[in-house]
């Protein structure tokens, strides 16, 4: 039972904090008492006892005795599993993973009336302790009354002694290693001021001496969307990431049917701000090192993080620190996700995330729906998680491309996308559009031309940022478009769509975004773009010819794809609309491309 899988003391302590918050605590304290001991012939400072104090509702004698029994508790029924509690294993299992004795005091009418009981492994091994002792009134030791601040009318104190399995030997190392994890696990409670967590290290023999370490846990959000947080400056008071993908992609809601009921699972995505990455050695800065410790998909159950799952992470790529993904699910899906009884992992989710989708679909011969049906027919409990894992994998591909493009856009992108030439394509298309407007042709974007300049710029800039364009480039593009009264804005970004490009009317302009994830992009754009940006002037004629031929082949394939699309419209009206669209587009293209 002692080898029950707790990763370290911080995870074991989190179980005690779970119980506190589940019991309605708004203030939780981690109290670490140190003493001088001999290690060989030298005196060393070592942790002697650890306590967790809370101001929750406290426990009566029946519940207190139940709390120290393995597999017993007040949240074992499915209908009662709305919060963090579930297995009835947390307090005893986590405690004996680190120490040989655990004492618990709990009170519902002031700490002077606290009830006490305990578990002692020495007594259990000797056969003198066969059941959890009946709770009885017993004074709380003075040392904890002196260092604890939250001895209110109700509360609980859990005390670990005879500590033999805690790898961290001093209060400072325990606090340093626990603070980041505790801040991440309970970030939502800390951020929303639903709970505070105080960390204290003190001299056990002189609890009010100067050797006193005290600090409060700050939210540690691996998605870096919370502020204030434990992130080093300058991102301690402002988020380091932005929500990624705009309103439609930032928070995706998946409905999973499990055991006859529908349950909502939320998936959130975020991406590092341009200014956080513009320094070449951003990863070596304090905030970059902080992000390195938060790489992974955050699995959140009942607002408490279970795990920072590494299944989707490319371990060798340092750029993985610049994206954030959070999956949040309710306790009703514990069995589906495979939540372990120490609440450190969602095992089924991790396993499905590590599966090779290409092999499951037989190289694309089967659809994901067919694969899921096969898993269902085999009673595989992971079947409903397949679409969730596929969604995350797909979005991460786009996030990684966007991260790769951030540096690219901040270097050569400005000169390509911010027109400086009066004869630029954007300017030429704007003039041709004005001619069509005078002839009575109207577009959806034309109404926006009447907006105030600042509103136009704001609309264009926010749309570009939501599509993954770096903030500085988006700002300059929007400002230039409004200043020169341009009708068109041209950018590139990773779009979660099968379309080669998207068109959005905003601020009186048309934003055209080339989809860098579409196969047409490397065949038509990137192959020429690389030649334009080549710093070396000694490109061989053969290389130029090869690039032009590749672009020509790409254009032919694009036109043949349209021809096939038109050919497959077997329904008469659909075929006619496709042909009409081709003709209408051709007329406008002829007008735009015609030389004066």
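Residue numbers (the UniProt record's numbering): 1 to 596. We put the beta carbon where it would ideally sit given N, CA and C, even for glycine. Just so you know, these numbers come straight off a predicted model, no measurement behind them.
Practice prompt. Return the chain-ordered list of same chain residues with a C-beta closer than 7 Å to the C-beta of residue 461, the five sequence neighbours on each side being excluded.
Written response: The answer, listed in chain order, is 474, 475, 478.
Worksheet item: residue 186: which of 124, 21, 105 sits nearest, CA to CA?
Response: Measuring from the Cα of residue 186, the nearest candidate turns out to be 21.
Worksheet item: Using the beta-carbon count (16 or more within 10 Å), is residue 481 buried or exposed?
Response: By the neighbour-count criterion, in which a residue is buried when 16 or more other Cβ atoms sit within 10 angstroms of its Cβ, residue 481 is buried.
Worksheet item: Within the chosen definition, does the segment 152–172 reach the segment 44–54 through at least 3 CB pairs nearer than 8 Å?
Response: The answer is yes - the segment 44–54 touches the segment 152–172, with three or more Cβ pairs under 8 Å.
Worksheet item: DSSP puts residue 253 in a beta bridge; with which residues?
Response: BP columns for residue 253 point to 266.
Practice prompt. Please work out which residues of its chain come closer than 7 Å, Cβ to Cβ, to residue 488, disregarding the five sequence neighbours upstream and downstream, and give them in chain order.
Written response: Here the set comprises 426, 429, 430, 509, 510, 512.
Worksheet item: Tell me which same chain residues have a C-beta within less than 6 Å of the C-beta of residue 103, skipping the five on either side of it?
Response: 118, 159, listed in sequence order.
Discussion item. For the segment 301–308 against the segment 266–280, do three or more pairs of beta-carbon atoms, one drawn from each stretch, fall closer than 8 Å, so that the two count as touching?
Written reply: As far as the Cβ criterion goes, the segment 301–308 does not touch the segment 266–280, which means the pair count is below three.
Worksheet item: Quick one: is residue 278 buried, meaning 16 or more other Cβ sit within 10 Å of its Cβ, or exposed?
Response: The residue is exposed, with fewer than 16 neighbouring Cβ atoms inside 10 Å.
Worksheet entry | Rounded C-alpha distance that separates residue 58 from residue 287 | About 39 Å.
Item to complete: Output yes or no for whether 8 Å exceeds the beta carbon distance between residue 16 and residue 178.
Response: In this structure, residue 178 does not lie closer than 8 Å to residue 16 by Cβ.
Item to complete: Count the other C-beta atoms from every protein chain shown that fall within 10 angstroms of the C-beta of residue 239, then say buried if there are 16 or more, exposed otherwise.
Response: Buried, since its Cβ has 16 or more Cβ neighbours within 10 Å.
Worksheet entry | For residue 55, the three-state DSSP class (helix, strand or coil) | Collapsing the DSSP output to three states places residue 55 in coil.
Worksheet entry | Per DSSP, the bridge partner or partners of residue 242 | BP columns for residue 242 point to 271.
Worksheet item: Residue ranges of each alpha helix (DSSP H) run of no fewer than 4 residues wholly in the segment 269–348, ordered along the chain?
Response: For the segment 269–348, the continuous alpha helix (DSSP H) assignments of 4+ residues that do not extend past its boundaries occur at 274–277, 286–292, 334–337, in sequence order.
Worksheet item: Would residue 398 be called buried (16 or more neighbouring beta carbons within 10 Å of its own) or exposed?
Response: Looking at its Cβ environment, which holds 16 or more other Cβ atoms inside 10 Å, residue 398 is buried.
Worksheet item: According to DSSP, is residue 132 helix, strand or coil?
Response: It is coil, neither helix nor strand.
Discussion item. Counting C-beta neighbours from all protein chains within 10 Å, is the total for residue 450 16 or more, i.e. buried, or is it exposed?
Written reply: It counts as exposed.
Practice prompt. Could you spell out the range, first to last residue, of the alpha helix (DSSP H) harbouring residue 628?
Written response: The structure shown does not extend to residue 628, since the chain is modelled only from 1 through 596, so no value can be given for it.
Worksheet entry | Rounded C-alpha distance that separates residue 369 from residue 506 | If I take the Cα positions, the gap works out to 37 Å.
Worksheet item: So, residue 495 versus residue 463, is the Cβ gap smaller than 8 Å?
Response: Taking 8 Å as the Cβ cut-off, residue 495 and residue 463 do not qualify as a contacting pair.
Worksheet entry | Segments assigned beta strand (DSSP E), at least 3 residues, entirely inside the segment 96–141 | Counting whole runs of 3 or more residues, the segment 96–141 contains the beta strand (DSSP E) stretches 99–107, 115–120.
Fill in: Bounding residues of the beta strand (DSSP E) (the contiguous stretch that carries residue 566)
Residue range 541–567 is occupied by the alpha helix (DSSP H) that includes residue 566, with no beta strand (DSSP E) assigned at that position.
Fill in: Any 3 or more C-beta pairs closer than 8 Å across the segment 159–171 and the segment 98–112
The segment 159–171 is in contact with the segment 98–112.
Worksheet entry | Close-in-space but distant-in-sequence residues of the same chain around residue 262 (CB under 6 Å, 5 per side omitted) | Around residue 262, the same chain offers 255 as residues with beta carbons nearer than 6 Å, after the five sequence neighbours per side are excluded.
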